[in-house]
Amino acid sequence: MPHLPDGRQELGRDLNALTTPPPPPFDLLTPTCQIVAHALLGSGNREFIGSASKLLVCHREPTSKPKHPHSLPYETSVELVLSAAREYVDSAASHTDPCIPLARACLQILDSRLPEVKAELDFLSALPLLSQFKVGTLPVQARHCDKMELVRQALLQTPKAYKQSSKYIYILFFLAVLLISVPLVSPKPRRQKLLAFSLCYCPDTAVDKLLRAAQMLELQEIYQQLDLPQEELSSGSSKEPTPVPEESKGPPTRDRGSSVKPDGSQQQGSSWSFVGKTAGKTRSMLTTLGSADFWKGTVRNLTNVKHERPVQRTASTVRSNNDLKLFAVPAFYQSVFSDAYVGKYSLSYDKCDGLNWSPVLADLFNVLRASMIAEAIDDKSPSAQCSYESRGSILLGLAKGLFPEDTLLAMCCLFGVRHLDQVEEFFLNLPSTPMVLSIASYFFSLAVLIALDPSDAVRLLRLDGPQVVKEASSKNTDALPSEVLACAKLASKFCQLQADLAQAELLKKQGGSIDVERFTEDDNYKAETILGMALTLDQEALQVAVSLAKRYNIAVWDVYACHLEFLFSEGCGVAEVEERLRIDGMLEVLLSKPEPLREKLLSRIYPSLDGSDHSSMVFFYQLLEKCASASVDDLGLTPAKHLKLLGKLRTACPGLDYKALFEPGQSPLVVLNKFVNEDSVQAISELAPSIPCRDGSRLTSSSVYCTWASKLFLSKAEGRALTMAEWGKHFEVCRTYVDNLSPPDLIKFVESIAFDKDSVEQVSRRIRLDVVKQCLKMAKQSQDQKMAETGSKEEWSDAAKTLQGYLSHLQRIEDGVLDEAVDPSNPVIQSYAIEFELSRGIPEKLEAMLLRCAMLEHMPGLLPSLLSCCPPNTVDKQPTDIYSDAILLASEQLRNPDKKLHSVFDVLTPEEVLERILRQVLDERQDMFVGDMVLDLLRPFCLDSSVAIHVRLKVLEILEKNVILSTEDESLLLVLRVQTLIWSEWPDYEVDECTELDNDARQAMFDELLPRCSSESSFVVLGKLLQSGDPLESTEELDPEKNPWTQLLSRLLHSSDNSSTLDAAESLFLAAVKNCNLNLLCCRYVLGEFQRKNSMLHTLRSSLQTDHTELHKDAIAFLRAVGQVLECDYDETVLNRILQLKLLPDVASTALYQPVVEHLIASRDSADKHFSIDAAVKSLTDAGMLAEAGSLLLQASRMHPALSNFSVAVSAARRWLRGTRAANEP
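FYI, the UniProt record's numbering numbers position 244 of the sequence shown as 244, with every residue one higher than the one before it.
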């Protein structure tokens, strides 16, 4: 084993070679056979060429075994033979060259039916024909040049070539030139003529192919007219490479691979080379034209036809005969017409010459034609299906465009639409004119008749439109097929619309503001219009409305009901209404539906009636009795009872509002009050038992007498003042009616005299006391005498007790109890004095008065004084109890803000009431017990989680300002504050009210929320959280990266550069300094952030507003480093702080000195000490800045002291001159 490294490597390679398996043996025979065959084919010897066939496979499906075991494959064999044949041909000098037979010998090896072999043989056959036509060109040039150029040369070189047409056609046949496929040579009209000629004289076998070629040519023309790129057709022709069957090929379609250009590439007309080819390539092209996207997009863009306005063309003013137009007179009759020209002012028939096809209509027609061609070529292809589905939209678009000019052609287009709903929608979208509706009805009627008998179409087309519609409408619809029935219904519908339109036009001409189009289309509008016509006093208009209602199947009852409602609402007289109901049997029609009439009378007519018009009310109840005599209203009265009561009231109370008598919410006595007098009291008292009340009771005679007795007694108070004796006589006059009162009405009489607000102002308290005494005496006397007449003994006994209480209450006030407790002259107290007197000593009214006083008034001692005036055993409460009730009421109002629990809350908010009560309670009682009581009352409210947080927080803040909170209350207040702040910015953050917010919990909350801060508002909220409660322990950290305030401010300043962010950061910085006395290192860290933001204003303002002297020095140093100061770099706060901190000498060397001095001089009249000029001068003098001090004095006084008056000025000038003279002397 060698010891050298190279030896080891060589040994390793040898071992690797031994272990690697040997490669498979290389097949050398196949390439060798291919080389031998190629050499034999190109040898130029027929025998060798024949020998080469033994090495080749000459058929795609050989029937015998190969002649050689290593024969070449079929594709290789074809390639070798064609290559050798083309080499022989290309090397030949003419068609007689010896190489031509060698080429034929090569081609004979292969099957002659092979297209490539057939093409080469045809080319060889064309060479001698070209020579006969004197076309001198090499075979290689003929192969690669433009074939049509060879044909042109043949025609040019031989003038009589047309006589040898057969040979000429054979040249075209052998060269595989399709004349109509060359657009440059054969224009489209010429190709169309060629196809037409071919179709006339071609054999039967070629008709199908020529028809398809004609269709393709027309498709090409359509495609160009639609202005679509031809590249789509060329690309579409290659999408579906359908195999071409051999039997479909003919002479015009031989050259599939050759081109007409010498370079062999596709020329600009090649995209239309499919014209005249097989149906397979035709379908390939139609894949593009017939795709769903093409049809949908084209139809969508073209069917929206808009009629173009005719262009006004100005006629030439040149006098000439160039514009004369001749009538279309046949030549046979021209001698009859002496002047067949159109006159200048005669009618022009130019527009009748033909349709004015707009570009859109032409495109639609082309698309329609293309779709029909696609269907004709292959009706089962996807292209044909898409075009067939879109044809309805195309036809509708064509009909829409043709409708104004050629209605017959438009109707023909509509007959081609399959779906009737599309045709219906087409007519409905057109303007609703008589012409359109008549054509629609004629169209559908014609469709019905033709569908029933197609052989009768000729006769039907000769009939007038109305005759066709009449004949179609006479058909029995029950025997019609479903499709024909649908057409019949549509014909009837449009006939009805036509009639509606005519009717609406007629109504509009009569002066009505009717929407004619809507009247024909909207049934609801039609019904409302007809019913609206009934709202008239014109009898003829009413009859028209009735006839229309009968025509359109609208109930005549509805028309009469609307007319009746209108008569009552217009205030027509009863006689006129009765006359209207009698004419034409209107009343009988209305009474045919009694229940609807009753509902109509009560719901629509009764609210519009005037209750004081008794004639109308009587007529109303008479109608109601006719349709529903047994009906009972909510008061239990039938129409007959209403009529009876109304008849009596008409006599007793003329002008009484009968409807108001039974309105809910008020007593009938209120309505009868103004009609009760000395003459009518007796009659009304007799009617009172028949008048029902809303509570189910009825009026009594006693209540009527009570009303009249009160009015009669107070009537004397409106005149002169009466003496006690005169009042006594007047009461005796009223006693006639008072004796008829029941115990409750006697109490009401006393209340109306003694405890009514108006009577208190008109009648003195002594007289009212006397009235109460007299009535009390009557009640005691009536316990036995009038037991059966006006009340029982128990009722009179209860009435006597009530009156005794009223008497005691008035007597107590008369004795001066109220005057001793409060000052009645005070306007505030006066209102409570009146309320106290009107309370009648009832405990509920007294408590309500005291509660209102506790919530509304802030006068010390008022509530205890009013409470002391209350009769014994009426209000068993202390002032504290009333305040407690007021606090609870305010808290309940806060709990239920939607309800109004007291009238005080209309003036004050519950929070204001609560704060007033707390101040009042604490002003009256300064002990700790009151604060604890208030806390005990409001603590359940503050702990109620169903109440909004901001409401409870407001209450706790009120308590915090007025009472000393316990530890639990302070914790709750802190939790609520934290919840309010957090939920305002992070609603998804959960804060439990039971959570104890100690230092660790708040620190964890801060650490969690700080990364979630993304907006300025969120940083501000988090800063407020740091200020809530005691400062966190971490705020004492000297390291700025650990201090929460510096973390917050740093993140805020890095979030944005706008001024609002800097203002928010400055505000939070000052809050941090105030809240936790932020240390110097953290302050400098934050101020450094301000400096990095290039904000001198915020840096100076934040530094100078702290109490750190070092920060003040840093601010001065910062100013000294600045060369220029702009107005936006400082504000009034900065200037004031420099003066307050007496830093004027320090800023004297900075650019801010002059603005400080100007601010000082401008504010020297202020009372603040730091604006003193003398103090500023002294500070400058003490600092050794005499020049600055003098300059400040000079600016402050506005002139030099030496020029303050004349004598001083003269003295100063003399000293100056003397000094100048002495200086000049030697």
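Ideal Cβ placement from N, Cα and C applies to all residues, glycine included.
**Q.** DSSP-derived helix/strand/coil call for Arg212
**A.** helix
Q: Can you have a look at Asn1043 and say buried or exposed, based on whether 16 or more other CB atoms are within 10 angstroms of its CB?
A: buried
**Q.** Spatial distance of Glu794 from Asp944 (CA atoms)
**A.** 50 Å
**Q.** Nearest-angstrom Cα separation, counted from Ser839 out to Gly805
**A.** 11 Å
Q. Pro692 bridges to which residues according to DSSP?
A. The partner list for Pro692 (beta bridge, DSSP) reads Arg698.
Q. Expressed to the nearest angstrom, what Euclidean distance is found between the alpha-carbon atoms of His1112 and Asp988?
A. 43 Å
Q) What number of angstroms, rounded off, separates the C-alpha of Ile829 from the C-alpha of Ser1172? A) 53 Å
Q. Near Ser441, which residues of its chain fall below 7 Å by C-beta distance, leaving aside the five closest residues on each side in sequence?
A. Val469, Ala491, Phe494, Cys495, Gln498
Q.
Given this structure, state the Cα-to-Cα distance separating Ser390 from Gln220, to the nearest angstrom.
A. 20 Å
Q) What alpha helix (DSSP H) runs, 4 residues minimum, are completely inside the segment 845-872? A) 862-869
Q | As assigned by DSSP and simplified to three states, the class of Asn896 | A | coil
Q: Return the CA-CA distance between residue 1240 and Asp1057, expressed in angstroms with no decimal places.
A: With the chain represented from 1 up to 1226, any question about residue 1240 goes unanswered, as that position is not in the structure.
Q) Got a sec? Which residues, its chain only, sit under 7 Å from Glu847 by beta carbon, not counting five neighbours each side? A) Val875
Q | Cβ-Cβ separation, Leu914 to Val947 (assumed contact under 8 Å), whole Å | A | The Cβ separation is near 14 Å, so there is no contact.
Q. Does the segment 842-861 come within contact of the segment 915-923, defined as at least 3 CB pairs closer than 8 Å?
A. In the pairwise beta carbon analysis, the segment 842-861 is classified as touching the segment 915-923: at least three pairs are separated by under 8 Å.
Q) Residues in its own chain within less than 8 Å of Ser112 by CB, not counting five upstream and five downstream? A) Lys118, Leu121
Q) Hey, would you say Ala799 sits closer than 8 Å to Ile747, going by beta carbons? A) yes
Q. Between Leu1010 and Thr980, is the Cβ-Cβ spacing less than 8 Å?
A. no
Q | Whole runs of the alpha helix (DSSP H) within the segment 466-528, excluding any shorter than 4 residues | A | 482-509, 516-521
(Q) One question on the structure: do Pro139 and Ala92 come within less than 8 Å of each other, judged by their Cβ atoms? (A) yes
Q: Rounded to whole angstroms, what's the CA-CA distance from Cys106 to Val81? Just pull it up for me.
A: C-alpha separation (whole angstroms): 6 Å.
Q. What are the start and end residues of each continuous alpha helix (DSSP H) run of 4 or more residues lying completely inside the segment 1108-1136, in chain order?
A. Correct list: 1109-1120.
Q) Between which two residues does the alpha helix (DSSP H) harbouring Pro728 extend? A) The question names Pro, yet the displayed sequence has Gly at residue 728. Here the alpha helix (DSSP H) through Gly728 covers 724-738.
Q) Taking the Cβ atom as the reference point for each residue, do Leu463 and Ile450 lie within a distance shorter than 8 Å? A) A distance of 8 Å or more separates the beta carbons of Leu463 and Ile450.
Q: Grab me the residues of Ile439's own chain with a C-beta within less than 6 Å of its C-beta, minus the 5 sequence neighbours each way, in chain order.
A: none
Q | Inter-residue Cα distance where the pair is residue 1229 and Cys706 | A | Limits of the chain in this structure are 1 at one end and 1226 at the other, which puts residue 1229 out of reach.
**Q.** Presumed contact (8 Å Cβ cut-off) between Pro871 and Arg812, rounded CB distance
**A.** 6 Å
Q | For Ala447 and Trp557, the rounded distance between their alpha carbons | A | 40 Å
Q: Output the distance between the C-alpha atoms of Arg104 and Ala85, rounded to the nearest integer angstrom.
A: Between the alpha carbons of Arg104 and Ala85 lies a distance of about 7 Å.
(Q) Rounding to the nearest angstrom, what Cα-Cα distance links residue 1228 and Glu47 in this structure? (A) No answer is possible for residue 1228: it lies beyond the span of the chain, which begins at 1 and ends at 1226.
(Q) In whole angstroms, give me the CA-to-CA distance for Val417 and Lys526. (A) 32 Å
Q. With contact counted as at least three CB pairs below 8 Å, one residue from each stretch, are the segment 620-639 and the segment 669-687 in contact?
A. no
Q.
Rounded to the nearest angstrom, what separates Glu732 and Asp815 at their Cα positions?
A. 27 Å
Q | Among Lys777, Cys1128, Gln893, nearest to Glu912 - alpha-carbon criterion | A | Gln893
Q: Please confirm if the segment 1063-1070 is in contact with the segment 1010-1022, defined as three or more CB-CB distances below 8 Å between the two stretches.
A: With the cut-off at 8 Å, the segment 1063-1070 and the segment 1010-1022 touch.
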